[in-house]
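**Student:** Numbering (my numbering), first residue to last: 2 to 564.
Where is the CB? At the ideal position from N, CA and C, for every residue including glycine.
Predicted model, so just to flag it, every value in this text is computed and none were measured.
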Amino acid sequence: EMDKGQREYFLRQQLKAIQQELGEGDELDEEISNFRRIAKERQLPEEAVEELERQIQRLERGHPDSAETAITRTYLEWLTGLPWEVQSEDLLDLVRARKILDEDHYDLEKVKERILEYLAVRKLKDDTKGPILCFVGPPGVGKTSLGRSIARALGREFVRISLGGVRDEAEIRGHRRTYVGAMPGRIIQGINQAATSNPVFMLDEIDKVGSDFRGDPSSALLEVLDPEQNFSFRDHYLSVAYDLSRVMFITTANLLEPIQPAFLDRMEVIRLSGYTGQEKLQIAQRHLIPKQVEQHGLKPSQISFTTAAIRKIVKDYTKEAGLRNLERELAAICRKVAVQVAQGKKGKTSVSLPQVEELLGPAKHFSEELLTIDRVGVATGLAWTAAGGALLFIDAVALPGRGRLRLTGQLGEVMKESAQAALSFSRSYCAGSDIPSDFFTKHDFHIHVPAGSIPKDGPSAGITIAAAIVSVLLGRPINRRVAMTGEITLRGDILPIGGLKEKVLAAKAAGVKRIVLPRLNERDLHEVQPELRKGLTFHFAEDMREVLDIALKTKARPRRKAS
């Protein structure tokens, strides 16, 4: 008459009694008491303790060899293994922190100031929440290594996870325990790996996060990166609130545009622009060369680089905002010297100008030289790319036709619309001159932007295109040493642009003397260091007519008659 459940219970009790007599039944009891002991030591919050007791009771009722018991045991290991109240002590010595940041990175003053501000506030107020910083900049400028340096300056553990290509929301929030092989998400795994509740947590490449039918990871990160919510972050696997407010989150990205606006709003954006030639020289001498010499088994007494040689490598063998290619070229020289040393060469190899070409071969890149003469219809523009700034030459020509506008050079939709606006302004501007009234109906305009294999987009080439068209219409050449950037309206007003420092860097490298910028960008000029501004004249214009007065040469070229 006894039902199946009661029968199993009595049999299990008998089995337990037999195991105790044989000295084999103590393992589970010992494991359970161990879980309770660790929970007490780790000072688990009340909610976690209740969940722990519930799962322990389930473990006691279940069969030791069942699949359910194995899942429960794994869950309890995760629950008791997390550093709930364990925190590493912050090193609040501001002088020491500054010294470490300066040792690891050259310049980057804005970032260093922000870290010192955080330390100062932490020193005055102990329970302050960790900041959420977003480092945005071209590849190779030191965003990821900066995170490590910050962790070292604070005396905290460093955890890095790469979000490039992550498309599954469960990667962030974890899988529910109903799934086979369920695990916590990457955030909880990172905290467990750090073994403290307040590490420096780097989320790398957040602009590369994707979304598909498995959910949107960037939406799942909204809770993680909000100080008003992340004190009770719930992982699907744990199903217990975990406090992330003490974690210092740092995210990195190359571009801000792909990042979800609500996600971006939760972060404090710090822009890291590309390095100048002088900065690259300093970084190579202080950091890159000693690192490569050590990695290739050489000694400082066996190899040295002259300043002129480093400058040549920067200028002729690399073309980037960051430092990765420069490091590769220095590594290539170190390898060749290592071969000579391994073959028995004695003495010191001094890498000078002639030896650079001998070791690395002919120059790989040529700096964007300006035109040799001032030309009609060719204007010098400035562009911003993910890899830094660049010079943009815009060619315009009028051909017999029916008033059409032809655009080439793999231009995006926004840039095409800028060209149309520039043409409309140019027609309006030249309406009162001696151009025949039927000129626009009998001629086509062809605008070409060289480097046609590279896609180009954005509105900031508007005034450059307009200058090239007006130059063609009036037959006046454009000063090749004047570079310009700005968005144009149909009325000829000039709107502000972004990426100012990168564009100034590109202009300086190419030998430009004068730069025309929108008036509203005058306030952004403080971002550009004084040494970078040296030798450059900045003109701030509100109207396209001001740009034409600066850029167009006064000497007019005789106009050819329309065929």
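Who does Cys135 pair with in a DSSP beta bridge?
**Tutor:** Answer by DSSP bridge pairing, in chain order: Thr252 and Val270.
**Student:** Please tell me whether Gln286 and Thr350 are closer than 8 Å, where the distance is taken between their beta carbons.
**Tutor:** No, the Cβ-Cβ distance between Gln286 and Thr350 is not below 8 Å.
**Student:** For the candidate residues Phe306, Asn199 and Asp266, whose alpha-carbon lies nearest to that of Pro291?
**Tutor:** Of the candidates Phe306, Asn199 and Asp266, the one whose C-alpha sits nearest the C-alpha of Pro291 is Phe306.
**Student:** Where in the region 160-236 do unbroken runs of the beta strand (DSSP E), each at least 3 residues long, occur, reported from the N-terminal end onward?
**Tutor:** Listed in chain order, the complete beta strand (DSSP E) runs (minimum 3 residues) inside the region 160-236 are 201-205.
**Student:** Could you name the residues that DSSP lists as bridge partners for Phe539?
**Tutor:** Bridge partners of Phe539: Ile516.
**Student:** Taking the alpha-carbon positions, what's the Ile374 to Ser146 distance?
**Tutor:** Those two C-alpha atoms are separated by around 45 Å.
**Student:** Grab the span of the alpha helix (DSSP H) containing Gly278 for me, first residue to last.
**Tutor:** That run of the alpha helix (DSSP H) goes Gly278 to Ile284.
**Student:** If you draw a straight line from the C-alpha of Ala40 to the C-alpha of Gln88, how long is it?
**Tutor:** When rounded, the distance between both Cα atoms is 16 Å.
**Student:** Thinking Pro218 and Val210 are a contact (beta carbons under 8 Å), I'd like their distance in whole angstroms, please.
**Tutor:** With 8 Å as the limit, Pro218 and Val210 qualify as a contact, their Cβ atoms being about 5 Å apart.
**Student:** Could you compute how far the alpha carbon of Ile260 sits from the alpha carbon of Phe136?
**Tutor:** Taking the straight line joining both Cα atoms gives about 13 Å.
**Student:** Can you name, in chain order, every residue of its own chain whose Cβ lies under 6 Å from the Cβ of Gly323, other than the five neighbours on each side?
**Tutor:** Pro139, Pro140, Gly141 and Val142.
**Student:** Keeping to the same chain, check which residues put their C-beta closer than 8 Å to that of Leu501; ignore five residues upstream and five downstream.
**Tutor:** Closer than 8 Å at the Cβ level, and outside the excluded window around Leu501, lie Leu518, Asn522, Asp525, Leu526, Glu528 and Val529.
**Student:** Give the secondary structure of Tyr107 by DSSP, where H, G and I count as helix, E and B as strand, and everything else as coil.
**Tutor:** Three-state DSSP puts Tyr107 in coil, outside helix and strand.
**Student:** Looking at C-beta atoms only, is the number of pairs between the region 388-400 and the region 443-459 that lie closer than 8 Å three or more?
**Tutor:** Taking 8 Å as the limit for Cβ pairs, the verdict is that the region 443-459 does touch the region 388-400.
**Student:** Please identify the residue among Phe441, Lys100 and Phe234 whose C-alpha is closest to the C-alpha of Leu245.
**Tutor:** Nearest option by C-alpha distance: Phe234.
**Student:** Is the distance from the Cβ of Val415 to the Cβ of Gly459 below 8 Å?
**Tutor:** Going by C-beta atoms, Val415 is nearer than 8 Å to Gly459.
**Student:** May I have a chain-ordered list of the alpha helix (DSSP H) segments no shorter than 4 residues that lie completely inside the region 290-355?
**Tutor:** Complete alpha helix (DSSP H) runs here, min 4: 290-296, 308-318 and 325-343.
**Student:** Please name the residue in Ala221, Trp85, Ile57 and Glu86 whose C-alpha comes closest to that of Arg74.
**Tutor:** The residue with the shortest Cα to Cα distance from Arg74 is Ile57.
**Student:** My output table needs one value for Asp375: the three-state DSSP class, helix, strand or coil.
**Tutor:** Three-state DSSP puts Asp375 in coil, outside helix and strand.
**Student:** Between Ala195, Asp435 and Gly148, which lies nearest to Ala254 when the distance is taken from Cα to Cα?
**Tutor:** Among Ala195, Asp435 and Gly148, the Cα nearest to that of Ala254 is on Gly148.
**Student:** Roughly how far, in whole angstroms, is the beta-carbon of Trp85 from the beta-carbon of Leu45, given that I think they are within contact range, below 8 Å?
**Tutor:** Trp85 to Leu45, Cβ: 5 Å. Contact.
**Student:** Which first and last residues belong to the beta strand (DSSP E) in which Ala263 is found?
**Tutor:** Per DSSP, Ala263 belongs to no beta strand (DSSP E); it is in the alpha helix (DSSP H), Pro262 to Leu265.
**Student:** Which term fits Ser34, buried or exposed, when burial requires 16 or more other beta carbons within 10 angstroms of its beta carbon?
**Tutor:** The residue in question, Ser34, is exposed, as its Cβ has fewer than 16 Cβ neighbours within 10 Å.
**Student:** Quick one: Cα of His176 to Cα of Tyr119, how far?
**Tutor:** Answer to the nearest angstrom: the Cα atoms are 35 Å apart.
**Student:** Thinking C-beta only, is Leu95 closer than 8 Å to Leu117?
**Tutor:** The answer is yes: Cβ separation under 8 Å.
**Student:** Looking at C-alpha atoms only, which residue of Asp91, Arg534, Glu328 and Gly378 is the closest neighbour of His125?
**Tutor:** A quick correction: the sequence has Leu, not His, at residue 125. Residue Asp91 is the option with its Cα nearest to Leu125.
**Student:** Can the beta-carbon of Ala111 be found less than 8 Å from the beta-carbon of Ile271?
**Tutor:** Note that residue 111 corresponds to Lys in the displayed sequence, not to Ala. Taking 8 Å as the Cβ cut-off, Lys111 and Ile271 qualify as a contacting pair.
**Student:** In whole angstroms, what is the alpha-carbon distance linking Tyr238 and Ala333?
**Tutor:** Using only the alpha carbons, I get a separation of about 48 Å.
**Student:** Judging by CA-CA distance, which residue of Asp30, Ser220 and Tyr76 is the nearest neighbour of Arg168?
**Tutor:** Looking at the Cα atoms, Ser220 is the closest of the given residues.
**Student:** Looking at Glu328: is its Cβ nearer than 8 Å to the Cβ of Gln293?
**Tutor:** Closer than 8 Å, so yes.
**Student:** Taking 8 Å as the threshold (C-beta atoms), are Gly499 and Met545 in contact?
**Tutor:** Taking 8 Å as the Cβ cut-off, Met545 and Gly499 do not qualify as a contacting pair.
**Student:** Rounding to the nearest angstrom, what Cα-Cα distance links Gly191 and Ala422 in this structure?
**Tutor:** Cα to Cα, Gly191 sits roughly 51 Å from Ala422.
**Student:** Could you check what DSSP says for Gly404 in three-state terms: helix, strand or coil?
**Tutor:** Gly404: coil per DSSP, three-state reduction.
**Student:** Sorted by chain position, which residues of the same chain lie with C-beta nearer than 7 Å to Asn231's C-beta, five sequence neighbours on each side aside?
**Tutor:** Closer than 7 Å at the Cβ level, and outside the excluded window around Asn231, lie Glu224, Val225, Leu245 and Ser246.
**Student:** Out of curiosity, what's the CA-to-CA distance linking Lys443 and Ile470?
**Tutor:** Between Lys443 and Ile470, the C-alpha separation is close to 16 Å.
**Student:** Use the C-beta contact count for Glu532: other C-beta atoms within 10 angstroms, 16 or more gives buried, fewer gives exposed.
**Tutor:** Counting Cβ neighbours within 10 Å, Glu532 comes out exposed, since fewer than 16 surround it.
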